[in-house]
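Asks: What follows is a structure written as structure tokens; I'll ask about it next.
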DNA sequence: TAATTACGATACTATTCAGTTTCGAAACTG
DNA sequence: CAGTTTCGAAACTGAATAGTATCGTAATTA
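If you want it as structure tokens, here you go:
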């Protein structure tokens, strides 16, 4: 895996490089990627949004592709931020409570980014997998943990297909925002749980 | 929905337009889209692959975007076998029977095309929605019809959330092939039905 | 202060590509 | 045949845009 931090000679002379600008650039790149995709994003846009110049970008990254690569890695890294899972004693409320802190709207942008990078991903498969794992992995882990707890409580049977259920949640969220353009909101999520997922998990023969 | 067939004056004089070339162009466009995506595809590529000229393309379509739109619509239409829906008297087998003609050979390439169409979607939202509806619409219609039949038979309750179930099917299929790269096979589909969807539909309170 | 490096801004180069035009040949009609 | 339209091929135009170079200014250090 390539590292975000570069080996910097870090000169002792002259004006210091403003490293807060690094992340501002990555943030701007992600915002533009979410809206326009890899081909739609131009280096001038990134420079303009950060009120900097193209020279400043190319002083940090040798090419657009490598800037985008680091932006994706940065985006994935900055996503994990949950220390304690909800524990309401009830699977439905646990899952719903997870939506709020994990904030579907927040990861909405990541999904939109992923959706618009098809051509870039086919050329950089490895990075695509890293980013994809970074985005979906933690979320799946959380959901799986909540469902395993529900099994321990006897709320759902032990042979319930938890992996499939986790995938359904992620698939629905992705599908709505990628192909439909509309976010999969809290109400939709509740309907999915109440109408399909929870009855399905509980009454599996 | 816009129609694939254009209003053609269809001149009575001069050399006739070769309409077999129309579909050869659309087919070539789909092949290139599946490989390179919207931005990666150039009109020169399409002309070269069909051994024709760009003028021939622009005699038929006013822009690349509209050629791609028609290619997408054509792609979705070309796999539809709407004549006779399966009728096994059993929702599970009905849904599974639909997978064979629909999901196997054709829709894998279709989804690969969709996966690489991110930038197109952002630049031509309107057209992209038409194409997306053309791809997912018929499929949803089939599934909905099969489920409504199941309600009439009393196999699932009348208040079952059929729309949500249809979306889950499509979402899972898309998610697997777009972000995972691997198609959602018949076995996976059967597991989704048996472990989640059918129990969910039947036992909804 | 003098040297050095980063900064934002702008201009420049080279390439790619959508869309247009032109052209000679082929096909069709009356 | 004469007129008309399509065909494939190629050249051309104009707009983007990745990447480079330049420049005056700001920050930092010795």
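Residue numbers (our numbering), protein chains in the order written: chain A, 21 to 225; chain B, 21 to 225.
Ideal Cβ placement from N, Cα and C applies to all residues, glycine included.
Using a cut-off of 7 Å between C-beta atoms, extract the partners of residue 212/B located in chain A.
Replies: The residue given as residue 212/B occupies position 192 in the second chain. Near residue 212/B (Cβ distances below 7 Å), the residues of chain A are 184.
Asks: Does the region 159-178 of chain A come within contact of the region 72-81 of chain B, defined as at least 3 CB pairs closer than 8 Å?
Replies: In short, these stretches do not touch, since the Cβ pair count stays below three.
Asks: Cβ of residue 135/A less than 7 Å from any chain B Cβ?
Replies: The residue labelled residue 135/A in the question sits at position 115 within the first chain. Yes, because at least one Cβ of chain B sits closer than 7 Å to the Cβ of residue 135/A.
Asks: Using the Cα positions of residue 107/A and residue 174/A, report the straight-line distance between them to the nearest angstrom.
Replies: Sequence index remark: in the first chain, residue 107/A carries index 87 (1-based). Sequence index remark: in the first chain, residue 174/A carries index 154 (1-based). Cα to Cα, residue 107/A sits roughly 15 Å from residue 174/A.
Asks: According to the neighbour-count rule (16 or more other Cβ atoms, all chains shown, within 10 Å of its Cβ), is residue 196/B buried or exposed?
Replies: Here residue 196/B is taken as the residue at index 176 of the second chain, counted from 1. The residue in question, residue 196/B, is buried, as its Cβ has 16 or more Cβ neighbours within 10 Å.
Asks: Applying a beta-carbon distance threshold of less than 8 Å, which residues of chain A neighbour residue 209/B?
Replies: Position 189 of the second chain, counting from 1, holds the residue named residue 209/B. None at all; the shortest Cβ gap to chain A is about 11 Å.
Asks: Return the CA-CA distance between residue 69/B and residue 216/B, expressed in angstroms with no decimal places.
Replies: Working through the second chain from its first residue, we reach residue 69/B at position 49. Working through the second chain from its first residue, we reach residue 216/B at position 196. About 45 Å.
Asks: Let me know the secondary structure DSSP gives residue 197/A once reduced to three states.
Replies: By 1-based counting over the first chain, the position of residue 197/A is 177. Correct three-state label for residue 197/A: helix.
Asks: Could you check the C-alpha separation between residue 89/B and residue 50/B for me, to the nearest Å?
Replies: Within the second chain, residue 89/B is the residue found at index 69, counting from 1. Within the second chain, residue 50/B is the residue found at index 30, counting from 1. Roughly 10 Å separates the two Cα atoms.
Asks: Going by beta-carbon coordinates alone, are residue 166/B and residue 114/B separated by less than 7 Å?
Replies: Mapped onto the second chain, residue 166/B falls at position 146. Mapped onto the second chain, residue 114/B falls at position 94. For residue 166/B and residue 114/B, yes; Cβs fall inside 7 Å.
Asks: So is residue 181/B in contact with chain A if we call contact Cβ pairs under 7 Å?
Replies: Reading the second chain from its first residue, position 161 is the one you call residue 181/B. Judged by the 7 Å Cβ criterion, residue 181/B is in contact with chain A.
Asks: For residue 191/A, go through chain B and note every residue whose CB falls closer than 7 Å to its CB, in chain order.
Replies: Along the first chain, one-based indexing puts residue 191/A at 171. Under the 7 Å cutoff, chain B gives 191, 192, 195.
Asks: Count the other CB atoms, across all protein chains shown, that sit within 10 Å of the CB of residue 22/B; report buried if there are 16 or more and exposed otherwise.
Replies: Along the second chain, read from residue 1 onward, the residue named residue 22/B stands at position 2. Reliability fails at residue 22/B, whose pLDDT of 40 lies under 50, so the model's placement of it is uncertain and the value that follows must be treated cautiously. That one is exposed.
Asks: Spatial neighbours of residue 54/A within its chain, please: CB distance less than 6 Å, with the 5 preceding and 5 following residues excluded, ordered by chain position.
Replies: Taking the first chain and counting its residues from 1, the one referred to as residue 54/A is at position 34. Counting only Cβ-Cβ distances below 6 Å, and skipping sequence neighbours, we find 129, 132, 133.
Asks: Could you work out which residues of chain A lie near residue 59/B, taking near to mean beta carbons separated by less than 9 Å?
Replies: Your numbering for residue 59/B matches position 39 in the second chain. Going along chain A in sequence order, the residues near residue 59/B (Cβ under 9 Å) are 57, 58, 59, 60, 139.
Asks: Out of 223/A, 85/A, 37/A, 93/A, point me to the one whose CA is closest to residue 152/A's CA.
Replies: As a first step, residue 152/A must be located in the first chain, where it is residue number 132. Comparing Cα-Cα distances from residue 152/A to each of 223/A, 85/A, 37/A, 93/A, the minimum goes to 93/A.
Asks: Could you name the residues of chain B that residue 217/A contacts, counting a contact when the two beta carbons are closer than 8 Å?
Replies: Here residue 217/A corresponds to residue number 197 of the first chain, with the count starting at 1. 216, 220, listed in chain order.
Asks: From this set, 66/A, 56/A, 71/A, which residue's C-alpha is nearest residue 139/A's C-alpha?
Replies: Stepping through the first chain from its first residue, residue 139/A is reached at position 119. It is 56/A whose Cα lies nearest to the Cα of residue 139/A.
Asks: Determine, using beta carbons only, whether residue 188/B comes closer than 7 Å to chain A.
Replies: The sequence position of residue 188/B within the second chain is 168, counting from 1. Yes, because at least one Cβ of chain A sits closer than 7 Å to the Cβ of residue 188/B.
Asks: Could you check what DSSP says for residue 107/B in three-state terms: helix, strand or coil?
Replies: Position 87 of the second chain, counted from the start, is the residue given in the question as residue 107/B. Residue 107/B: coil per DSSP, three-state reduction.
Asks: Take residue 91/A and list the residues in its own chain whose beta-carbon comes closer than 6 Å to its own, dropping the five residues that flank it on each side.
Replies: As a first step, residue 91/A must be located in the first chain, where it is residue number 71. Excluding residues within five positions, the ones whose Cβ falls inside 6 Å are 46, 49, 50.
Asks: Within the 7 Å Cβ cut-off, does residue 223/A reach chain B?
Replies: Here the question's residue 223/A lines up with position 203 in the first chain. Output row for residue 223/A: interface = yes.
Asks: Which same chain residues, not among the five before or five after residue 192/A, have their C-beta less than 7 Å away from its C-beta?
Replies: Stepping through the first chain from its first residue, residue 192/A is reached at position 172. Cβ neighbours of residue 192/A beyond the five flanking positions: 204, 212.
Asks: In this structure, how does DSSP classify residue 116/A when only helix, strand and coil are distinguished?
Replies: Taking the first residue of the first chain as 1, we reach residue 116/A at position 96. Residue state, collapsed to three classes: helix.
Asks: Would a C-beta distance cut-off of 7 Å place residue 219/B and residue 39/A closer than the cut-off?
Replies: Counting from 1 along the second chain, the entry for residue 219/B is found at position 199. Counting from 1 along the first chain, the entry for residue 39/A is found at position 19. Against a cut-off of 7 Å, the Cβ pair of residue 39/A and residue 219/B comes out as no contact.
Asks: Could you pull out every residue in the same chain whose Cβ sits closer than 7 Å to the Cβ of residue 202/B, ignoring the five residues on either side in sequence?
Replies: In the second chain, the residue the question calls residue 202/B occupies position 182. Excluding residues within five positions, the ones whose Cβ falls inside 7 Å are 196.
Asks: Please return the same chain residues whose Cβ sits closer than 7 Å to the Cβ of residue 185/A, not counting the five positions on each side in sequence.
Replies: As a first step, residue 185/A is located in the first chain; it is residue number 165 there, counting from the start. 167, 217, 221.
Asks: With a CB to CB cut of under 8 Å and the five nearest residues on each side skipped, what residues in its chain are close to residue 194/B?
Replies: Counting from 1 along the second chain, the entry for residue 194/B is found at position 174. The answer, listed in chain order, is 131, 134.
Asks: Just to confirm, is the Cβ distance from residue 209/A to residue 66/A under 7 Å?
Replies: Mapped onto the first chain, residue 209/A falls at position 189. Mapped onto the first chain, residue 66/A falls at position 46. Against a cut-off of 7 Å, the Cβ pair of residue 66/A and residue 209/A comes out as no contact.
Asks: Ignore the nearest five residues each way along the sequence and tell me which others in residue 171/B's own chain have a CB closer than 8 Å to its CB.
Replies: Counted from its first residue, the second chain places residue 171/B at position 151. Correct list, in chain order: 177, 178, 180, 182.
Asks: What are the start and end residues of the alpha helix (DSSP H) that includes residue 137/A?
Replies: Here residue 137/A corresponds to residue number 117 of the first chain, with the count starting at 1. It is not in any alpha helix (DSSP H) - residue 137/A carries neither H nor E in the DSSP assignment.
Asks: Below 7 Å between beta carbons: does that hold for residue 96/A and residue 155/A?
Replies: Your numbering for residue 96/A matches position 76 in the first chain. Your numbering for residue 155/A matches position 135 in the first chain. Yes, they are a contact pair.
Asks: Using the beta-carbon count (16 or more within 10 Å), is residue 59/B buried or exposed?
Replies: Position 39 of the second chain, counted from the start, is the residue given in the question as residue 59/B. Buried, because 16 or more other Cβ atoms sit within 10 Å of the Cβ of residue 59/B.
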